[in-house]
Amino acid sequence: MMNTLYSDDDKTDEDDENSSKDTAAAALLGEGTYGKVYKGVLSNDQACAVKEVRLLYDKEFNEKKRHAFQPDSAHKLISFILAEIYVLKNLKHPNVIQFFGWKFSPQQLPIDQLCCINDVNDDDDDDKDEDTYEDFWNARIYLYFELMSCNLDDYIDEKGYKNINAKSIFTQICLGLEHVHSRGFFHRDLSCGNILVSKDTVKIADFGFANKYVPNKANDLYVTNLWYRAPEIFIGNSYYSQAVDIWALGCILHRLYTGLPFIQIEWDSTISALFAIFQKLGTPTKNSWLDFHSSYQIDPKIFPNWPLNSYCLVKDNQAVNDVLINHLLVCNPNKRDSIQSVLRRLTLF
Ligand SMILES: Nc1ncnc2c1ncn2[C@@H]1O[C@H](COP(=O)(O)OP(=O)(O)O)[C@@H](O)[C@H]1O
Ligand SMILES: [Mg+2]
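This note's numbering runs 55 ahead of the 1-based position in the sequence shown.
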């Protein structure tokens, strides 16, 4: 069953360590908020991507991920993973990553033993009466997905934004998101790093923050990569809706047509993020977004009065610029498009 990837003959411990590091590096597809993603193989020999999620809140690992949500406890992490599995099992669409299944392992599996979903071998544990505390910290959950070529960030950087079919990519993301929203979920972490590409096909991935959208229910505020995070989350409104995904969609559209992120902030600061947003879109007035002026957490007076809609976001495409400013990157979430409306506007591009 175990397909050893290298020969063990004549090797010292140091060689073994280096060799397994090399194997891991060769199989590494990417690193995200929770852990690492490796290339693996299913029992039917089909190649797949394996996301390894550690249950331990790993301070050192998380400190490297400055732009990402940092789960502060293992309990929270587990509830997010269970939600991810639940949502993935309820989605099936050509523009949503295909989920093959998951397995639990009481300890980290060697890279050459990630192989198959149904391979978990519990025999090793027979002589143990009960799990120890340490077992919990070593435990991993492995999620198995269809294998894609790369994420959208790398794709744009490698090809150059002028050489990609931005309209086709954006349309596919919208179709995937329409499926997610129509099933009653929100993604809450849409970004170019979480969109995967293979040839001409684009799929929404990383449902680590996804959940059922329940109207009038308070939600976690530590969601979405900072650069893609909607202003209502920044001002502390936990009763946000699926409109947070439409804001992120706007940021993706901006990146597709300009090559650049909509905002780019280097540290987790609500005020700098709002400064960057308002500087480009204008500071919300009471008329344009009343909730911003009645927010307890932010004093609107600290921002200069940048005029609304005076800034051009996409210089060489008027139609995309208009849709972005008037319908997607709109600070007031109630005035932002639904995904169905975005799909109707695609004919304008
Ligand atoms: N199915 C896949 N095929 C190819 N690469 C993948 C796949 N899933 C993830 N990756 C790579 O790993 C990175 C992190 O994956 P992601 O699912 O976003 O994990 P996290 O929840 O840790 O952010 C992605 O940006 C991508 O580069
Ligand atoms: Mg991710």
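The C-beta atom is built at its ideal place from N, Cα and C for all residues, glycine as well.
Per-residue DSSP class, three states only, for residue i
i, result
"Tyr294", "coil"
"Gly90", "strand"
"Ala285", "coil"
"Phe330", "helix"
"Val257", "strand"
"Ser349", "coil"
"Arg399", "helix"
"Asn206", "strand"
"Asp392", "coil"
"Leu164", "coil"
"Cys386", "coil"
"His122", "Model confidence at His122 stands at a pLDDT of 42, short of 50, so the residue's coordinates are unreliable; what they give is reported in the following sentence. In this structure, His122 counts as coil in the three-state DSSP scheme."
"Ile320", "coil"
"Gly85", "strand"
"Phe404", "coil"
"Leu143", "helix"
"Phe135", "helix"
"Leu251", "strand"
"Gly95", "strand"
"Val151", "strand"
"Asn176", "Residue confidence for Asn176 is low, a pLDDT of 44 falling below 50, so the modelled location carries little weight and cannot support an answer."
Option nearest residue i by Cα separation, candidates the options
i, options, result
"Arg195", "Ile307, Ile136, Thr338 and Thr340", "Ile136"
"Val96", "Leu198, Phe240 and Val142", "Leu198"
"Leu146", "His234, Ala102, Asp392 and Asp300", "His234"
"Gly231", "Gln101, Ile219 and Leu143", "Leu143"
"Leu304", "Leu379, Ala138 and Ala82", "Leu379"
"Tyr351", "Leu202, Ser293 and Gly337", "Ser293"
"Gln163", "Asn193, Lys272 and Pro149", "Asn193"
"Pro165", "Phe154, Ala138, Asp208 and Glu107", "Glu107"
"Phe159", "Asp212, Val105 and Asp167", "Val105"
"Tyr210", "Cys229, Leu245 and Thr256", "Thr256"
"Ser223", "Ile288, Ser134 and Lys254", "Lys254"
"Gly314", "Gly85, Ile332, Ala221 and Pro355", "Ala221"
"Ile228", "Asn150, Tyr283 and Gln319", "Asn150"
"Ala374", "Arg400, Gly90, Lys356 and Thr279", "Arg400"
"Leu276", "Lys91, Asp371 and Lys131", "Lys131"
"Tyr89", "Ser98, Asp100 and Ile133", "Ile133"
"Leu363", "Asn381, Ile326 and Asn372", "Asn381"
"Ser98", "Ala82, Asn372, Lys356 and Gly156", "Gly156"
"Ile290", "Asn376, Leu345, Lys214 and Glu321", "Leu345"
CB of residue i within 8 Å of CB of residue j, strictly
i, j, result
"Phe200", "Ile140", "no"
"Gln297", "Phe347", "no"
"Phe264", "Arg243", "yes"
"Thr338", "Phe358", "yes"
"Tyr202", "Ala102", "The question names Tyr, yet the displayed sequence has Leu at residue 202. Closer than 8 Å, so yes."
"Leu311", "Phe404", "no"
"Val397", "Leu383", "yes"
"Lys390", "Tyr366", "no"
"Ala285", "Val269", "no"
"Cys306", "Ser343", "no"
"Asp354", "Gly87", "no"
"Leu308", "Tyr283", "no"
"Lys94", "Leu110", "no"
"Phe333", "Trp361", "yes"
"Ile394", "His148", "no"
"Asn271", "Ala138", "no"
Endpoints, the beta strand (DSSP E) within which residue i is located
i, result
"Ala194", "Ala194 -> no beta strand (DSSP E), and no H or E assigned at all."
"Ala265", "No beta strand (DSSP E) holds Ala265; DSSP gives it neither H nor E."
"Ala273", "Ala273 -> no beta strand (DSSP E), and no H or E assigned at all."
"Gly156", "Phe154 to Ser160"
"Asp106", "It should be noted that the sequence gives Lys, not Asp, for residue 106. Note, Lys106: beta strand (DSSP E), Ala102 to Arg109."
For residue i, the first and last residue of its enclosing alpha helix (DSSP H)
i, result
"Phe225", "Ala221 to Ser237"
"Val375", "Gln373 to Val378"
Supposed close pair residue i, residue j - CB separation, criterion 8 Å
i, j, result
"Asn206", "Ile250", "6 Å"
"Ile288", "Tyr295", "6 Å"
"Asp212", "Leu281", "Not quite, the Cβ-Cβ distance comes to about 19 Å (not below 8 Å), so this is no contact."
"Ser204", "Val252", "6 Å"
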